[in-house]
Amino acid sequence: MVNTTIKARIEQIKYECEGIISLELIPVNQNSFPSFSAGSHIDIKLPNGHTRSYSLTNAPNQYDRYNIAVKLEEDSKGGSAWFHHEARVGMEIQTLPPSNDFEMVPSDKMTVLFAAGIGITPILSMIAKLNSENHAWTLHYSAKTKRQRAFFPLLEKLRENSNGQIHYYLTAEESSRMDLQAIMQASPEGTHFYCCGPASFINVFIEAGQNHPAENIHFERFSASQEAATDGGYNIHLARDGRTLPVEAGQSILDVLLDSGIDVQYACSEGVCGTCKTTVLDGIPDHRDDCLTDEEKAQNKAIMVCCSGSLSKTLTLDL
Ligand code: FES
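Numbering (our numbering), first residue to last: 15 to 333.
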């Protein structure tokens, strides 16, 4: 299925906390955007040519707008830096329709949500959905400092008159850390657990959830569980283009492709969204992503070029 891009206008930009802004997007040529479910994200095509994925933070029944939040990343390849330094109210951008890799499962049991840092974004939409169903929930939300705790006023508003509770943790200021294992152990049977945040946080969540039914454990990564392969020392051969290009230490395959003017689609640059999946014709990739299954990795027929490298001297790509 071909996804048609939708024109959106930046209606509002708001400072949410240190390093994080939120944006409200409204449709340009229609009254409403396509509907979405809690936990969805949109892929935004930026004027600088980059495509980036952002979770929708608003309630799933509010599709007259899309709300997103963007954290300024130090090593931004043009996504977060564009939003923080160049985006202005009134500008038009293109987005693809929402998709959801972090679906909520219908349940009449308790819901426990875990978030760290910018990982709060899909959780906001989930809380709005749970509130609309008068469902019981508890959120455990961790940030380094009060100044880095995003959406505090909105969270307090979502908690008001709801069936929900929120526990905040400030890891640098108060040394308060959430004990995911203890929280999960103390939760009633049948509880569904949802988690979003950095790779290390998700890894702790997965470990803590091992004694719970797998169907009750849900998470979304914003970064891959492994370091990107940037040791270099190999070549990529582009079968259709005809060129052979060296990948030097400190570079990803994606860096080399972009520097060489190859038009390759990418979004997260972290090995979690699958946008940069490229067919491998020959050679053995050094898989570092969280998109391909173990079986797919063993077949060596595809690679996520944003984070994976090569175990063979030359990797031939269908580019
Ligand atoms: S750009 Fe998202 S997996 Fe490579």
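Just so it is clear, CB atoms sit at the ideal spot from N, CA and C, and this is done for glycine as well. Keep in mind it's a predicted model, so treat the numbers as computed, not measured.
query = Got a sec? Which residues, its chain only, sit under 6 Å from L60 by beta carbon, not counting five neighbours each side?
reply = W96
ask   = Taking all protein chains shown into account, do 16 or more other C-beta atoms lie within 10 angstroms of the C-beta of E284, making it buried, or fewer, making it exposed?
value = buried
key: E170, enclosing alpha helix (DSSP H) - first and last residue   = 166-173
ask   = Does any C-beta atom of chain C lie closer than 8 Å to the C-beta of A312?
value = The chain inventory of the structure shown lacks chain C, comprising one protein chain alone.
ask   = For V218 versus L271, is the C-beta distance shorter than 8 Å?
value = no
ask   = From A22 to P202, what does the alpha carbon distance come to, in whole angstroms?
value = 43 Å
request  = Determine contact between the stretch 141-153 and the stretch 218-236, defined as no fewer than three beta-carbon pairs at a distance below 8 Å.
outcome  = no
task = Could you check what DSSP says for Q44 in three-state terms: helix, strand or coil?
result = coil
key: Supposed close pair G288, L329 - CB separation, criterion 8 Å   = Between L329 and G288 the Cβ distance is about 19 Å, and since that is not below 8 Å, they are no contact.
request  = Just tell me which of Q26, Q313, E241 has its CA closest to the CA of G104.
outcome  = Q26
ask   = Hey, is G150 close to the ligand FES, as in C-beta under 7 Å from one of its heavy atoms?
value = Gly is not the amino acid found at residue 150; the sequence shown has Ala there. No, the Cβ of A150 stays beyond 7 Å of every heavy atom of the ligand FES.
query = Does any heavy atom of the ligand MG sit closer than 7 Å to the C-beta of T244?
reply = Of the ligands one can find in the structure shown, namely the ligand FES, none is the ligand MG.
inquiry  = Spatial neighbours of S237 within its chain, please: C-beta separation below 7 Å, excluding the five flanking residues on both sides.
reply    = P212, A213, E284, V286
query = In its own chain, which residues sit with a C-beta less than 6 Å from the C-beta of K327, not counting the 5 before and 5 after it?
reply = Y248
Between the CA atoms of L194 and I220 - distance to the nearest angstrom = 10 Å
key: Under the three-state DSSP convention, the category Q162 falls into   = helix
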